[in-house]
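One structure below.
As structure tokens, this is what we get:
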């Protein structure tokens, strides 16, 4: 299949759809985009169904050559994108014609950009999904969990007639990744088993993203070390769970996280705020604030409805 | 005492007993079937743990109040069921080359010789209580209490695929190279997960596993590559 030929793959560019669901009972991670919001915006701008396959580009450094005429959209970390030298605005859709080259620089803020195409990129599904999980060796263009490599072709259908004009997300929807985010946390798991002053310390202390951060989990570091309770039996965990190992520095589980874990869980980062954490580089400061479950659920329902129902009126030219 | 509680914005955790018992994994598998039948595709994933069942649900179909109202009566029916008929459990013999980097530290921490640790580890059948953490990663128990140790204070960034490990009262094999918070006793070349196979994972909750000590040559002949 023709599509976009990879001239430079960048340090870590991964094919991702909504994720690999229905296999967590066998220990298969859902995977999927680290920043679901930015990935959803790339599809939204192209009027693709939620969860159509996009490329998650960590840090940038990618160059692609079009073998078809189509529309693309780029969201997430701003990368200074150009098509044959012409600047492409961030968080917008743009067209590309056969032979043209898309060049992406390196992220000035944020960690990950998302490239979508009309109809989504096409690859063979493994256990129902093309989401790339490198450690598990599942998904991606070859089905074996590999990141994009030189000379790979990101398959896609021609789609030049899909639109007649460029479109970008309204500026109020574009996060400023330089800010230090406050991540909302729903208490739960072993949260009640943590001493009250431990919970207060967690919320009142600033935390830094540790350099030990990847798609599986983001370790935090801070002066305030926590004293977790003991949990004896492993149980299901999910992205957003804040685990506290005995050394006392929390780990926030991310898209490629394991399906079960044994470390005590203090609570759960709001799924929308997890997108913001995914864009924080090492040593970036984050804080936590409690949120009630009902509020988190109604918020998250709004998020899903917005992207699954295509409320395009919220975009701007 | 059964607890039903939210577990983040899109999951419900059922804690079905204070501590696991030998028949509980099979019973939890039965409960998972009941929940699946009753809720259909509003269930995204069902993850049995040793004494828990985690229900990942579709928030656009049910919010917390809805899911609790639907799951609570199912749990009540399950609780009153006579001892559930369980699918026949299989027994697997899994060869292990005991060469792990933690053998000596485990022996020292337990005041045992390395040979005694190995003999205790492969001296009994283990029950698969849960599968998770990684594709095909089966949590098995229970260990002889002489070799029960807490997890590492801080997980290692990486252990090799096939690493046979222990922590608390459990043992397991890491199917892929991954970060690990357990103590590594050895390596096994036994296949644990193949996405093309049906089912992708040869072990199932409720199966029994016996480890058999083998030498390096046997491990390599079976395809071991580390």
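Protein chains in written order, with our numbering: chain A, 1 to 317; chain B, 1001 to 1226. From the three backbone atoms N, C-alpha and C, an ideal C-beta is built for every residue, glycine too.
Span of the beta strand (DSSP E), counted from its first residue to its last, around residue 57 (chain A): Here the question's residue 57 (chain A) lines up with position 57 in the first chain. 54-58 is the span of the beta strand (DSSP E), which, as asked, contains residue 57 (chain A).
Leaving out the 5 sequence neighbours to the left and right, which residues in its chain are closer than 8 angstroms to residue 1212 (chain B) when beta-carbon positions are compared? Walking along the second chain from the start, residue 1212 (chain B) turns up at place 212. Hits under 8 angstroms: 1093, 1094, 1095, 1096, 1122.
Would you say residue 1009 (chain B) lies against chain A (beta-carbon separation less than 8 angstroms)? In the second chain, the residue the question calls residue 1009 (chain B) occupies position 9. So, interface residue.
Are residue 1029 (chain B) and residue 1162 (chain B) touching if we call contact CB-CB under 8 angstroms? For this step, residue 1029 (chain B) is matched to residue 29 along the second chain. For this step, residue 1162 (chain B) is matched to residue 162 along the second chain. Not closer than 8 angstroms, so no.
What residues in its chain sit with their C-beta under 8 angstroms from that of residue 1077 (chain B), if we drop five residues either side in the sequence? Taking the second chain and counting its residues from 1, one reaches residue 1077 (chain B) at position 77. Within the same chain, Cβ atoms closer than 8 angstroms to the Cβ of residue 1077 (chain B) are found at 1034, the five residues on either side in sequence being excluded.
Per DSSP, residue 1056 (chain B) is paired with what? By one-based count along the second chain, residue 1056 (chain B) stands at place 56. The partner list for residue 1056 (chain B) (beta bridge, DSSP) reads B:1011, B:1045.
Could you tell me whether any Cβ in chain A is nearer than 8 angstroms to the Cβ of residue 1188 (chain B)? Taking the first residue of the second chain as 1, we reach residue 1188 (chain B) at position 188. Interface flag for residue 1188 (chain B) against chain A is unset, since no Cβ pair is found closer than 8 angstroms.
Under a three-way DSSP split, which group does residue 1078 (chain B) fall into? Within the second chain, numbered from 1, the residue matching residue 1078 (chain B) stands at position 78. Residue 1078 (chain B): helix per DSSP, three-state reduction.
Determine whether the Cβ of residue 1023 (chain B) lies closer than 8 angstroms to any Cβ atom of chain A. In the second chain, residue 1023 (chain B) corresponds to position 23, counting from 1. For residue 1023 (chain B), no CB of chain A lies under 8 angstroms from its own CB, so it is not counted at the interface with that chain.
For residue 1 (chain A) and residue 1182 (chain B), what's the separation of their Cα atoms in angstroms? Translated into positions along the first chain, residue 1 (chain A) becomes position 1. Translated into positions along the second chain, residue 1182 (chain B) becomes position 182. Rounded to the nearest whole angstrom, the C-alpha separation of residue 1 (chain A) and residue 1182 (chain B) is 44 angstroms.
Residue closest to residue 1082 (chain B), alpha-carbon to alpha-carbon, out of B:1199, B:1026, B:1009: As a first step, residue 1082 (chain B) is located in the second chain; it is residue number 82 there, counting from the start. The shortest Cα separation from residue 1082 (chain B) among B:1199, B:1026, B:1009 belongs to B:1026.
List in chain order: all unbroken beta strand (DSSP E) runs of 3+ residues lying wholly within the stretch 224-264 of chain A. For the stretch 224-264 of chain A, the continuous beta strand (DSSP E) assignments of 3+ residues that do not extend past its boundaries occur at 241-243, 251-253, in sequence order.
Within-8 angstroms CB hit, residue 1148 (chain B) to chain A: Within the second chain, numbered from 1, the residue matching residue 1148 (chain B) stands at position 148. Not an interface residue.
Going residue by residue through the stretch 277-304 of chain A, where are the continuous beta strand (DSSP E) segments of at least 3 residues, counting only ones entirely within it? Qualifying beta strand (DSSP E) stretches, in chain order: 285-290.
Flag this pair as yes or no: are the beta carbons of residue 114 (chain A) and residue 162 (chain A) separated by less than 8 angstroms? As a position in the first chain, residue 114 (chain A) is number 114, starting the count at 1. As a position in the first chain, residue 162 (chain A) is number 162, starting the count at 1. No, the pair does not count as a contact, with Cβ atoms beyond the cut-off.
Anything in the stretch 260-288 of chain A with a Cβ closer than 9 angstroms to a Cβ of chain B? List those residues in chain order, please. Flagged, chain order: 260, 261, 262, 263, 265, 267, 268, 269, 270, 271.
Could you compute how far the alpha carbon of residue 184 (chain A) sits from the alpha carbon of residue 1189 (chain B)? As a working note, residue 184 (chain A) is residue 184 in the first chain. As a working note, residue 1189 (chain B) is residue 189 in the second chain. A straight-line Cα-Cα distance of about 44 angstroms links residue 184 (chain A) and residue 1189 (chain B).
Interface residues of chain A around residue 1202 (chain B) at Cβ under 9 angstroms? Within the second chain, the letter at position 202 stands for residue 1202 (chain B). Simply none; closest approach about 11 angstroms.
Please classify residue 44 (chain A): does DSSP put it in a helix, a strand, or coil? If you number the first chain from 1, residue 44 (chain A) lands on position 44. Reduced to three states, the DSSP call for residue 44 (chain A) is helix.
Report the three-state DSSP secondary structure of residue 28 (chain A) (helix, strand or coil). For the purposes of this step, residue 28 (chain A) is taken as the residue at position 28 of the first chain. If DSSP states are grouped into helix, strand and coil, residue 28 (chain A) belongs with coil.
Give the single residue among B:1131, B:1127, B:1153 whose Cα lies nearest to the Cα of residue 945 (chain B). As displayed, chain B neither begins before 1001 nor continues past 1226, which places residue 945 (chain B) out of reach and without an answer.
Distance, residue 62 (chain A) Cα to residue 1224 (chain B) Cα: Taking the second chain and counting its residues from 1, the one referred to as residue 1224 (chain B) is at position 224. Taking the first chain and counting its residues from 1, the one referred to as residue 62 (chain A) is at position 62. Each residue's Cα considered, the two are about 37 angstroms apart.
Going by the CB atoms, is the gap between residue 122 (chain A) and residue 155 (chain A) shorter than 8 angstroms? By 1-based counting over the first chain, the position of residue 155 (chain A) is 155. By 1-based counting over the first chain, the position of residue 122 (chain A) is 122. Cβ distance < 8 angstroms, so residue 155 (chain A) and residue 122 (chain A) count as in contact.
Spell out whether any CB of chain A is found under 8 angstroms from the CB atom of residue 1191 (chain B). Looking up residue 1191 (chain B) in the second chain gives position 191. No, residue 1191 (chain B) lies away from the interface with chain A (no Cβ there is under 8 angstroms from its Cβ).
Could you tell me whether any Cβ in chain B is nearer than 8 angstroms to the Cβ of residue 297 (chain A)? Taking the first chain and counting its residues from 1, the one referred to as residue 297 (chain A) is at position 297. Judged by the 8 angstroms Cβ criterion, residue 297 (chain A) is in contact with chain B.
Residue 1045 (chain B) touches chain A at which residues, Cβ-Cβ below 7 angstroms? Residue 1045 (chain B) sits at position 45 when you count from the first residue of the second chain. What residue 1045 (chain B) touches in chain A: 21, 22, 24, 25.
Establish whether the CB of residue 1078 (chain B) and some CB of chain A are separated by less than 8 angstroms. Translated into positions along the second chain, residue 1078 (chain B) becomes position 78. Output row for residue 1078 (chain B): interface = no.
Contact with chain A by residue 1143 (chain B), beta-carbon distance below 8 angstroms: Along the second chain, one-based indexing puts residue 1143 (chain B) at 143. Among the residues facing chain A, residue 1143 (chain B) is not included, as its CB has no counterpart in that chain under 8 angstroms away.
Distance, Cα to Cα, residue 1283 (chain B) vs residue 107 (chain A)? This structure cannot speak to residue 1283 (chain B), because chain B is shown only from 1001 to 1226.
For residue 1154 (chain B), return the contacting residues in chain A, with the cut-off set at a CB-CB distance below 7 angstroms. Residue 1154 (chain B) sits at position 154 when you count from the first residue of the second chain. Contact of residue 1154 (chain B) with chain A by beta-carbon distance below 7 angstroms involves 245, 247.
Using a C-beta to C-beta distance shorter than 9 angstroms, which residues of chain B count as neighbours of residue 126 (chain A)? Along the first chain, read from residue 1 onward, the residue named residue 126 (chain A) stands at position 126. Ordered by position in chain B, the residues that pass the 9 angstroms Cβ test against residue 126 (chain A) are 1195, 1196.
Residues near residue 228 (chain A) in its chain [Cβ-Cβ closer than 6 angstroms; skip 5 each side]: Numbered from 1 along the first chain, position 228 holds the residue referred to as residue 228 (chain A). Around residue 228 (chain A): 244, 264.
In the DSSP output, which residue or residues are listed as bridge partners for residue 124 (chain A)? Numbered from its first residue, the first chain carries residue 124 (chain A) at position 124. Answer by DSSP bridge pairing: none, since residue 124 (chain A) is not bridged.
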